[in-house]
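*Asks:* The sequence shown maps to residues 13 to 995 in our numbering.
We treat Cβ as the ideally placed atom computed from N, Cα and C, and that holds for glycine.
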Amino acid sequence: MTTTSYRSRTALLGAASAMVLLSASQAIAQAAPAQNDQPSQVDEVVVTGFRASLANALSLKKNSDQIIESITAEDMGKFPDQNIAESLQRLPGVQIDRENGQGTKVRIRGLDQNVTLLNSDTFLSGLEAFRLGEGNAKQTNSLEGIPSNLLAGVDVIKSPQADQIEGALGGTVNLKTRNALDMTNDLTLALDVAGNQGSTDGKLKPNLSAVVGYKFTDNFGLLGSFTYDENWIDTEVLSGENRGGWAYLNRPTATGNNQVQTGTTNLWSPEYRYSNNRHQERKRTAFSLNADWDVSDTVTLRADWFHSDLKIFTGEHSLKWAYANENAMYNSQGLAKSSNDVLQSGMVTANSSEGDTFAKNAKAKTDNVQFALDWNGTERLSGKVRAAWSKTDYASTSGQVDTRYTQYTVRDGGAGFAPNATAPLTATYGFTNGDYPMFTPAANLATAMTTPSSVFFKSHWAFGDKSKLDDKAITGDLSYRPEFGEGANMVLTGGLRYSENKVTSDYGRYLADYSAKGELPASAQGTTDHGVFVDWTPLGYFQDGAIGLKKCDIAFYGCGRFGNSPAVVTPYQTAASAPSRAVTDNVHGVNAIFQDYGQMKNPVNWIQALYPSTKFAFYRDPIESFKIKDATTSGYVMADLGDEGYHINAGVRVVHTKLTIDSSNTPVTPLWWGTDSWNGILKNPDSARTVREYTDVLPSINAVFNVTEQDKVRATGARVVAAQNLFDLGQGASYNFTRSSTPGPNFDKFLYTNGSGGNPNLDPFRASQFDLAWEHYFGSQGLISAGVFYKTVDSFIVQNTFPVTVKDQSVAGASTGTFTSVVNGEGGEIKGLEAQAQYAFENGLGFTANYTYSDSKSPYANDFSDNLPIPGVSKHAFNVQGYFESGPFSTRLSYAWRDKAYQGNYGFGSGADVHNLGIYNEAYGQLDGQVAYDITQDLKVTLEASNLTKEDNKAYLQFSELPLRFVSGDRRVSFGLRYRFGR
Numbered sequence: 013m014t015t016t017s018y019r020s021r022t023a024l025l026g027a028a029s030a031m032v033l034l035s036a037s038q039a040i041a042q043a044a045p046a047q048n049d050q051p052s053q054v055d056e057v058v059v060t061g062f063r064a065s066l067a068n069a070l071s072l073k074k075n076s077d078q079i080i081e082s083i084t085a086e087d088m089g090k091f092p093d094q095n096i097a098e099s100l101q102r103l104p105g106v107q108i109d110r111e112n113g114q115g116t117k118v119r120i121r122g123l124d125q126n127v128t129l130l131n132s133d134t135f136l137s138g139l140e141a142f143r144l145g146e147g148n149a150k151q152t153n154s155l156e157g158i159p160s161n162l163l164a165g166v167d168v169i170k171s172p173q174a175d176q177i178e179g180a181l182g183g184t185v186n187l188k189t190r191n192a193l194d195m196t197n198d199l200t201l202a203l204d205v206a207g208n209q210g211s212t213d214g215k216l217k218p219n220l221s222a223v224v225g226y227k228f229t230d231n232f233g234l235l236g237s238f239t240y241d242e243n244w245i246d247t248e249v250l251s252g253e254n255r256g257g258w259a260y261l262n263r264p265t266a267t268g269n270n271q272v273q274t275g276t277t278n279l280w281s282p283e284y285r286y287s288n289n290r291h292q293e294r295k296r297t298a299f300s301l302n303a304d305w306d307v308s309d310t311v312t313l314r315a316d317w318f319h320s321d322l323k324i325f326t327g328e329h330s331l332k333w334a335y336a337n338e339n340a341m342y343n344s345q346g347l348a349k350s351s352n353d354v355l356q357s358g359m360v361t362a363n364s365s366e367g368d369t370f371a372k373n374a375k376a377k378t379d380n381v382q383f384a385l386d387w388n389g390t391e392r393l394s395g396k397v398r399a400a401w402s403k404t405d406y407a408s409t410s411g412q413v414d415t416r417y418t419q420y421t422v423r424d425g426g427a428g429f430a431p432n433a434t435a436p437l438t439a440t441y442g443f444t445n446g447d448y449p450m451f452t453p454a455a456n457l458a459t460a461m462t463t464p465s466s467v468f469f470k471s472h473w474a475f476g477d478k479s480k481l482d483d484k485a486i487t488g489d490l491s492y493r494p495e496f497g498e499g500a501n502m503v504l505t506g507g508l509r510y511s512e513n514k515v516t517s518d519y520g521r522y523l524a525d526y527s528a529k530g531e532l533p534a535s536a537q538g539t540t541d542h543g544v545f546v547d548w549t550p551l552g553y554f555q556d557g558a559i560g561l562k563k564c565d566i567a568f569y570g571c572g573r574f575g576n577s578p579a580v581v582t583p584y585q586t587a588a589s590a591p592s593r594a595v596t597d598n599v600h601g602v603n604a605i606f607q608d609y610g611q612m613k614n615p616v617n618w619i620q621a622l623y624p625s626t627k628f629a630f631y632r633d634p635i636e637s638f639k640i641k642d643a644t645t646s647g648y649v650m651a652d653l654g655d656e657g658y659h660i661n662a663g664v665r666v667v668h669t670k671l672t673i674d675s676s677n678t679p680v681t682p683l684w685w686g687t688d689s690w691n692g693i694l695k696n697p698d699s700a701r702t703v704r705e706y707t708d709v710l711p712s713i714n715a716v717f718n719v720t721e722q723d724k725v726r727a728t729g730a731r732v733v734a735a736q737n738l739f740d741l742g743q744g745a746s747y748n749f750t751r752s753s754t755p756g757p758n759f760d761k762f763l764y765t766n767g768s769g770g771n772p773n774l775d776p777f778r779a780s781q782f783d784l785a786w787e788h789y790f791g792s793q794g795l796i797s798a799g800v801f802y803k804t805v806d807s808f809i810v811q812n813t814f815p816v817t818v819k820d821q822s823v824a825g826a827s828t829g830t831f832t833s834v835v836n837g838e839g840g841e842i843k844g845l846e847a848q849a850q851y852a853f854e855n856g857l858g859f860t861a862n863y864t865y866s867d868s869k870s871p872y873a874n875d876f877s878d879n880l881p882i883p884g885v886s887k888h889a890f891n892v893q894g895y896f897e898s899g900p901f902s903t904r905l906s907y908a909w910r911d912k913a914y915q916g917n918y919g920f921g922s923g924a925d926v927h928n929l930g931i932y933n934e935a936y937g938q939l940d941g942q943v944a945y946d947i948t949q950d951l952k953v954t955l956e957a958s959n960l961t962k963e964d965n966k967a968y969l970q971f972s973e974l975p976l977r978f979v980s981g982d983r984r985v986s987f988g989l990r991y992r993f994g995r
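1. Find out if the Cβ-Cβ distance for the pair residue 562, residue 687 is shorter than 8 Å.
2. Whole angstroms are fine: how far does the CA of residue 284 sit from the CA of residue 521?
3. Count the CB pairs spanning the region 414-425 and the region 579-590 that are closer than 8 Å, and state whether there are at least three.
4. Return helix, strand or coil for residue 627, following the three-state DSSP convention.
5. Mind checking which residues open and close the beta strand (DSSP E) that includes residue 840?
6. May I have the straight-line CA-CA distance separating residue 438 from residue 866, to the nearest angstrom?
7. Would you kindly work out how many angstroms separate the C-alpha atoms of residue 810 and residue 974, rounded to a whole number?
8. What would DSSP say about residue 834, mapped onto helix, strand or coil?
9. If distances are taken between C-alpha atoms only, which option among 600, 242, 500, 853 comes closest to residue 288?
10. I need the straight-line Cα distance from residue 455 to residue 859, nearest angstrom please.
11. When you compare each of 861, 728, 554 to residue 626 by their alpha carbons, which one comes out closest?
12. Nearest to residue 589 by CA position, among 623, 467, 638, is which residue?
13. Considering only residues of the same chain and omitting the five flanking positions on each side of residue 916, which have a CB-CB separation below 6 Å?
14. Need the endpoints of the beta strand (DSSP E) that residue 516 sits in, please.
15. So, for residue 231: in the same chain, excluding its five sequence neighbours on each side, which residues have a beta-carbon less than 7 Å away from its beta-carbon?
16. With DSSP as the reference, label residue 616 as helix, strand or coil.
17. Return the chain-ordered ranges of every beta strand (DSSP E) run that is complete within the region 747-807 and spans a minimum of 3 residues.
18. At what residue ranges does the region 687-735 contain a whole run of the beta strand (DSSP E), taking only runs of 3 or more?
19. Go to residue 357, then tell me how far its beta strand (DSSP E) extends in each direction, as first and last residue.
20. So, is residue 318 buried or exposed, given that buried needs 16 or more other C-beta atoms within 10 angstroms?
21. Using the rule of at least 16 other Cβ atoms within 10 Å of the residue's Cβ for burial, across every protein chain shown, is residue 756 buried or exposed?
22. Along the chain, where does the beta strand (DSSP E) containing residue 215 start, and where does it finish?
23. Counting only runs of 3+ residues fully inside the region 389-456, write out the beta strand (DSSP E) ranges in chain order.
24. Does residue 175 come out as helix, strand or coil in the three-state DSSP assignment?
25. Tell me the rounded alpha-carbon separation between residue 958 and residue 983.
26. Do residue 101 and residue 908 have their beta-carbon atoms positioned less than 8 Å apart in this structure?
27. Taking 8 Å as the cut-off, decide whether the C-beta atoms of residue 329 and residue 606 are in contact.
28. Could you have a look at residue 345 and say whether DSSP puts it in helix, strand or coil?
29. With the cut-off set at 8 Å, would you say residue 741 and residue 640 are in Cβ contact?
30. In whole angstroms, what separates the C-alpha of residue 227 from that of residue 192?
31. Buried or exposed for residue 673, going by 16 or more other Cβ atoms inside 10 Å?
32. What does a CB cutoff of less than 8 Å around residue 268 pick up in its chain, not counting 5 residues either side in sequence?
33. Hey, out of 66, 812, 119, whose CA is closest to residue 887's CA?
34. For residue 75, report the span of its alpha helix (DSSP H) as first-last.
35. Measure the Cβ-Cβ separation of residue 779 and residue 806 and say whether it is below 8 Å.
36. Return the chain-ordered ranges of every beta strand (DSSP E) run that is complete within the region 872-934 and spans a minimum of 3 residues.
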């Protein structure tokens, strides 16, 4: 495996850098001028395409007072990549996270506590706070929903100055739209028509964009951009970290494929492994409008509206393989494990085998509106006023089905029966380790998985989440050129800003009403029935035929809830009795029948149609829901001065924050909408309002020294602050339960496994940072630069995992499991260097290359290491791009690579078997390419491909041979035509 991986990476790097190496010898000759030559600057020739975008970005970097990296559009309405994050990953010091094969969150110098702005003011993308997949993994600040075709460029600002909005620990991502008055011609029209498809599904989907601009006069113009795109993404996924019941010590073994225990072994055992086929359909409609008006020689007005409407449907078919649940027994015969006690191969026999169908329909609607007035009143005095309003509404509904391939007993008022009686009683399957392990069902199980009468649609449930964010801000700035500072071109600037950000995040469940099924009435809640306190209502979340009447837990009624209770959740359906529901899918080499997720695109209507006799309604979960209001008042003073030899910008920004957090916790005596904590929603939360105020003083200095006409030295220092994670602030104590299938007194009962909670008293991230950089500009678009950076973080928000005892269905009335919360831990540091080279040759060849080294230390620790790296920081990362543009033809190859990265810890276990292991993303490299040809001056044909080699995303748990996550890589190809009228 090592040899194969090495050769593959070498081949990829060679392909991406072929043009770099081809032209390197020319660079030496062209870069050094003769002794009597004048040092050259960045050429201001008129070029187009990718070469022009690099020239513009290089000019921005050279002329900036700050340490920035930039990307500019290749042409009106044409960005280098369709995904903003994919473009940003090519910049020095920038790395990205990925989900479903797409770039999502940006990390600047390894840190994801960054701020995204639009035209230097507030911005919302619609994906600031949402949940992902069957495990409801909490996600924040993803850039995947931003339509790149609406942008003119992006700046990544690594060193702040006092007049810029605070909030970035790593850096600021500033998205820039176009100005109508910047158009050369009175009328500008650009149109792109393209189709894209992935290598897995093969479905061709449209990408359309248009730009129309008109200058009515030299002083007034309008510009509009529109884009519509669809994408189908299909990936294979390994998961299971959302189930917290992992175990290690004394795992039971049997002699042969049975459940008769004859011994034990220490083996890292997930509660379940999920092998998963994930299908995603994305549709996005977006537009931007700009109005530019030079009202007079001294007054300019600008208005911008940036709108996006994103719809995402996700469907999953998963197979669930038990290892630390379902009374799973390892066959000691042929069992192979590594020296780290990681299973390499073997057979397992468990009580059950199940599949899972998951469907999620999500919508994100976002509007960002901005107004700006610039006033150049006198030669010495000028000012500007900005107002911004951003709003996003995110909503999703999800449905889920567990499909049973072994016999499953349901309630019928007697001993119960198995609707899928032709299925085996237990499940035996093999395991072969790898990045994506192979799971091989025994012959009888494999037969049952594709036999309709053996496949029972066992459990059904639906849930949803909604997020609303509303940001408002008004800013005023005043600049003055004092007479005493004329010799140094001094400008003194001061300003005030007020912003108010409101976040509402609601999560809830759809509960069925069992009032007509024989359950105790809702009025019984809070009373005592035959010696038993009734804390429930006749509602239920899990529509599962094995669950009987809750009142059967009371001895007086003479029935057992999981025994001779009357049927509650009906009808019972198999793939044979309801064939229209069934679809066969191959999941990582295993054929199985699943519920068709195509029928679940409206999860609420779907589950209501399955159970028409019980009405479903949405109940908000107060523990998972919260409201946050962040009111910030800030002011700054700043001095800017310099001449041809130097430029210095120094200032201080003072920020006062008032934070109001409304959240909930579980009371001493909880009452439930539903029959149980695991089967309903907390009804009587203890509401908590936390109000906090704090002030931050943020000095900054940026100094640039023009050592020669070609060489610059930059030195910067700043104090920075970044807001806390929304979920960390707002979430209450949330608990997870799993039904036990281990023989004994707790068989078939829901037991507590693990939980998590937030902390409204968290302090924000605060840090001090310093940079020193050298830049050498030469030839035609030539740059060589190197810089070092150092950042010390006062306190990291870290996870604390500890055992807690939570009330559940166990005979003891409660079980002990792990609970994870967040606190402000110790500080840490990150230091490193960035190197960059870029050149454009006269023959059309060109290249860019950069390397980043990051060495970090944090307070994170686990069972194996202390002072672990800052989560998400790769020690090594590099990017190379080679391109060629000549006449009507252009092409480029890009390769981005990042080293493995520590991602945090994963804690689990109970009693003596409690562990805390590190999660590591494996190294990842991606090769992208593009070819274009100008049919005429105004008509171009393009062919683009991302992830040409279909690289996979992989993560492991502590040991490189213990896989935790896997997402298959998908090659995506786009073919299109582009028309441009006007320049």
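*Replies:* Let me spell this out:
1. As a working mapping, residue 562 is identified with position 550 in the sequence shown. As a working mapping, residue 687 is identified with position 675 in the sequence shown. Yes; because the gap between Cβ atoms is below 8 Å, this pair is in contact.
2. By 1-based counting over the sequence shown, the position of residue 521 is 509. By 1-based counting over the sequence shown, the position of residue 284 is 272. Each residue's Cα considered, the two are about 24 Å apart.
3. yes
4. As a first step, residue 627 is located in the sequence shown; it is residue number 615 there, counting from the start. Here residue 627 sits in coil by DSSP.
5. Numbered from its first residue, the sequence shown carries residue 840 at position 828. Start and end: 840-852.
6. For the purposes of this step, residue 438 is identified with residue 426 of the sequence shown, where counting begins at 1. For the purposes of this step, residue 866 is identified with residue 854 of the sequence shown, where counting begins at 1. Their backbone Cα atoms lie some 50 Å apart in a straight line.
7. Residue numbering aside, residue 810 sits at position 798 when the sequence shown is read from its first letter. Residue numbering aside, residue 974 sits at position 962 when the sequence shown is read from its first letter. Spanning the two alpha carbons is a distance of roughly 24 Å.
8. Here residue 834 refers to the residue found at position 822 when the sequence shown is read from its first residue. Reduced to three states, the DSSP call for residue 834 is strand.
9. Your numbering for residue 288 matches position 276 in the sequence shown. Closest option to residue 288, Cα to Cα, is 600.
10. The sequence position of residue 455 within the sequence shown is 443, counting from 1. The sequence position of residue 859 within the sequence shown is 847, counting from 1. Cα to Cα, the separation comes out at about 56 Å.
11. The residue you call residue 626 lines up with position 614 of the sequence shown. Taking only the C-alpha atoms, the option nearest residue 626 is 554.
12. As a working note, residue 589 is residue 577 in the sequence shown. Of 623, 467, 638, the residue nearest in Cα terms is 467.
13. Counting from one through the sequence shown, the residue named residue 916 turns up at place 904. Same-chain partners within the cutoff: 883, 931.
14. By 1-based counting over the sequence shown, the position of residue 516 is 504. That run of the beta strand (DSSP E) goes 503-525.
15. Counting from 1 along the sequence shown, the entry for residue 231 is found at position 219. Excluding sequence neighbours, residue 231 sits near 305, 306.
16. In the sequence shown, counting from the first residue as 1, residue 616 sits at position 604. Three-state result, residue 616: helix.
17. 762-768, 777-790, 794-805
18. 692-694, 698-718, 723-734
19. The residue given as residue 357 occupies position 345 in the sequence shown. Looking at the DSSP string, the run of the beta strand (DSSP E) that includes residue 357 is 355-362.
20. Position 306 of the sequence shown holds residue 318. Looking at its Cβ environment, which holds 16 or more other Cβ atoms inside 10 Å, residue 318 is buried.
21. For this step, residue 756 is matched to residue 744 along the sequence shown. By the neighbour-count rule (16 or more Cβ atoms within 10 Å), residue 756 is not buried but exposed.
22. Position 203 of the sequence shown holds residue 215. Neither: residue 215 is in no beta strand (DSSP E) and is coded neither H nor E.
23. 393-416, 439-444, 450-453
24. In the sequence shown, the residue the question calls residue 175 occupies position 163. Correct three-state label for residue 175: coil.
25. Indexing the sequence shown from 1 puts residue 958 at position 946. Indexing the sequence shown from 1 puts residue 983 at position 971. If I take the Cα positions, the gap works out to 6 Å.
26. Working through the sequence shown from its first residue, we reach residue 908 at position 896. Working through the sequence shown from its first residue, we reach residue 101 at position 89. Yes, these two residues count as a Cβ contact at 8 Å.
27. Residue numbering aside, residue 329 sits at position 317 when the sequence shown is read from its first letter. Residue numbering aside, residue 606 sits at position 594 when the sequence shown is read from its first letter. Yes, they are a contact pair.
28. In the sequence shown, the residue the question calls residue 345 occupies position 333. Correct three-state label for residue 345: coil.
29. Reading the sequence shown from its first residue, position 729 is the one you call residue 741. Reading the sequence shown from its first residue, position 628 is the one you call residue 640. In this structure, residue 640 lies closer than 8 Å to residue 741 by Cβ.
30. Mapped onto the sequence shown, residue 227 falls at position 215. Mapped onto the sequence shown, residue 192 falls at position 180. Their Cα atoms are separated by approximately 7 Å.
31. Counted from its first residue, the sequence shown places residue 673 at position 661. With 16 or more Cβ atoms within 10 Å of its Cβ, residue 673 is classed as buried.
32. For the purposes of this step, residue 268 is taken as the residue at position 256 of the sequence shown. Answer for residue 268: 343, 345, listed in chain order.
33. Taking the sequence shown and counting its residues from 1, one reaches residue 887 at position 875. Per the Cα distances, 119.
34. For the purposes of this step, residue 75 is taken as the residue at position 63 of the sequence shown. Residue 75 -> alpha helix (DSSP H) spans 61-75.
35. The sequence position of residue 779 within the sequence shown is 767, counting from 1. The sequence position of residue 806 within the sequence shown is 794, counting from 1. Yes, the pair counts as a contact, with Cβ atoms nearer than the cut-off.
36. 888-898, 901-910, 913-922, 925-933
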